[in-house]
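As structure tokens, the structure follows; a few thoughts come after it.
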Amino acid sequence: MVRRLCNKPLLLVAIALSLLGGGCANVPTAELKFFREGVVAANTAATPILDELSASERKLKQAVVARQKGAATFVWQDAAYFADVGDAPATTIFRRGHNVLDRFSDVLYGVATGANAKGDIDGVESLVVESAGLLSELSALVPVLGGSEVAAKGAFEVARPGLTLIATQLSRREAKRAIEIAVENQIVGKLTTALITATPLMFNVLIRDAERATQDIDASDDIIRVSRTAYAGRAAKLRIVLSNYVILLQRVDAAWNEAAKAAVTGSTVSVAVLTERVMELRVAVVATRRAYADLHTGR
Amino acid sequence: MLEDRREALLAQAETLMASRSSITDPADRARLRDAMQAIQHELDVLVLTDLIAAAAACGRAADAVQEVIDMINQHAPEQIAQAVRDSRENLDRLRDPAVV
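Going down the list, the protein sequences come from chains A and B. The working numbering puts the first residue of the first sequence at 1369, with every later residue one more than the last. The working numbering puts the first residue of the second sequence at 4, with every later residue one more than the last.
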């Protein structure tokens, strides 16, 4: 019987496929790949900005505390503003926003492509090896069963494509379900909007030092003139850095909307178009990094 | 609005800066310095408060995304594992001596 089963590979595959109980899920892997690339690009651009924001945030808080009158105190709740490790409080949350977007795009792309299915299939393989062991033991007792071990191992090889298909299809179905939930609750749009909306406030913090230098009562007119020139220069450069960052976040949102739309209507992006878009993103990241580097030069 | 307040404080600072060259009396000068320091302090507190509020909104949005990640991480493997378990039952038929 075992041999008969294994000699009919399609039977095992059919049994396996019957568990699917439905058609194939339409998952826009190309669009999700682009969304993933967009998130990585935005995160790359965000890293130096958030590093600097953290330093500025700390500096501001420390200045506020230093001005307080009376005996010096230590407020443990303010530890993140004074510590040498990690980020200042607000920056920690912004960075977490980027990390969460990163994980979301990674997990979703992994599920959509069925990348996690292999482990589940390997689990079944070990079971078949176990089955083969059992059949070997039985063979010793009942000589007529000779060759069952080989047959059981063969059965797995026959079943593997079907099992892989099941796991991959279920995985894709989960991806589609996750996209639907994410679209319904507008989670990506809300997060990118929150990050974009925060940029004017980031600007205010990042420009504060230069701003304060222009308001020194005891400075000479010459020094104030220099400070005002430096302030205008920094403001212009910060506008470029933050504008690039905003554009990258908007692209993340647009890429997500495209993936969400494609989950309903079907994928329309070719590999060539995808490659072109990814290249555009990478160019945008390089531009953002260059703008950030300019922020710290005298030009 | 906090941004309006910031604009008002910056305008006050500008006014104080414009008047500084005409104030030479040390006592008046000290008062001017104190006034400017009070403005600077409020500006620092204001931009920090604004930033924290924006971060809080971002944190809430990030929590919602995290919930979906958790759902995927939990639900997807469960579904796949169930399908594989069902398939195992089919494979287990190979172990059944009655079938053999």
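The beta-carbon is built from N, C-alpha and C at its ideal position, and this holds for glycine as well. Note that the coordinates shown come from a computational prediction; the quantities given were computed from them, not determined experimentally.
For A:Asp-1589, the enclosing alpha helix (DSSP H) starts and ends at 1589–1633. Following the DSSP letters along the chain, one finds A:Ala-1409 inside the alpha helix (DSSP H) bounded by residues 1397–1435.
At a cut-off of 9 Å between beta-carbon atoms, A:Asn-1553 makes contact with chain B. Taking C-alpha positions only, A:Ala-1431 is separated from A:Ile-1585 by approximately 17 Å.
Non-local beta-carbon contacts of B:Arg-32 in its own chain, meaning distances under 7 Å to residues more than five positions away in sequence, involve Ile-26 in chain order. About 6 Å separates the beta carbons of A:Leu-1563 and A:Gly-1465, which is inside the 8 Å limit, making them a contact pair. Note on geometry: alpha-carbon atoms of A:Thr-1412 and A:Leu-1469 lie some 12 Å from one another. Within the same chain, Asp-1621 come within 7 Å of A:Gly-1557 by CB-CB distance, once the 5 residues on both sides are set aside.
Residue state for A:Gly-1465 is assigned as helix, using DSSP reduced to three classes. Against chain B, a Cβ distance below 9 Å from A:Gln-1445 picks out nothing, because the smallest value is about 12 Å.
Contact with chain A is found for B:Arg-23, since one of that chain's Cβ atoms lies less than 9 Å from the residue's Cβ. By the C-beta criterion, the region 1394–1403 of chain A is judged not to be in contact with the region 12–30 of chain B, since fewer than 3 inter-stretch pairs fall below 8 Å.
DSSP, reduced to helix, strand and coil, places A:Ile-1585 outside both helices and strands of the structure shown, so it counts as coil.
The C-alpha of A:Pro-1457 lies about 9 Å from the C-alpha of A:Arg-1426. Within a 10 Å sphere around the beta-carbon of A:Ala-1600 sit fewer than 16 other beta-carbons, which makes this residue exposed. Put simply, of A:Thr-1565, A:Lys-1605, A:Glu-1548 the residue whose alpha carbon is nearest the alpha carbon of A:Thr-1633 is A:Glu-1548. When rounded, the separation of the alpha-carbon atoms in A:Thr-1597 and A:Leu-1400 is 45 Å. Non-local C-beta neighbours of A:Thr-1656 in its own chain, meaning closer than 6 Å and more than five positions away in sequence, comprise Ala-1413, Asn-1612, ordered along the chain. Inclusion of A:Lys-1429 and B:Leu-51 in the CB contact set at 9 Å is warranted, their separation being smaller than that value. Within the same chain, Cβ atoms closer than 8 Å to the Cβ of A:Arg-1619 are found at Gly-1406, Ala-1409, Ala-1410, Leu-1649, Ala-1652, the five residues on either side in sequence being excluded.
Three or more beta-carbon pairs separated by less than 8 Å are not found between the region 63–70 of chain B and the region 1574–1589 of chain A, which leaves the two stretches without contact. Under the three-state reduction of DSSP output, A:Phe-1472 falls in the helix class.
From the listed residues A:Phe-1402, A:Ala-1423, A:Ala-1434, the smallest Cα separation to B:Gln-40 is found for A:Ala-1434. Of the residues assessed, A:Lys-1605 falls on the buried side of the cut-off, its CB having 16 or more other CB atoms within 10 angstroms. In the three-state DSSP reduction, B:Ser-24 falls in the helix class (H, G or I). Proximity of A:Ala-1550 to chain B, defined by a Cβ-Cβ separation below 9 Å, is satisfied. Using a Cβ-Cβ cut-off of 9 Å, B:Ala-30 does not count as an interface residue toward chain A, since no Cβ of chain A sits closer than that to its own.
Taken atom to atom, the span from the alpha-carbon of A:His-1664 to that of B:Asp-7 is near 30 Å. Taking the Cα positions, A:Val-1654 is about 20 Å away from A:Val-1641. For the 9 Å CB-CB criterion, B:Cys-61 and A:Leu-1559 form a contact. A:Asn-1467 counts as exposed, since fewer than 16 other beta carbons sit within 10 angstroms of its beta carbon. Shown in chain order are the members of the region 1425–1458 of chain A whose Cβ falls below 8 Å from a Cβ of chain B: Glu-1425, Leu-1428, Lys-1429, Ala-1431, Val-1432, Arg-1435, Pro-1457, Ala-1458.
Between the alpha carbons of A:Arg-1540 and A:Ala-1480 lies a distance of about 5 Å.
Between B:Leu-35 and B:Leu-5, the C-beta gap is not smaller than 9 Å, which leaves the two residues out of contact. In the three-state scheme derived from DSSP, where H, G and I count as helix and E and B as strand, A:Ala-1566 is classed as helix. Under the DSSP assignment, A:Ala-1456 falls outside any alpha helix (DSSP H); it carries neither an H nor an E label.
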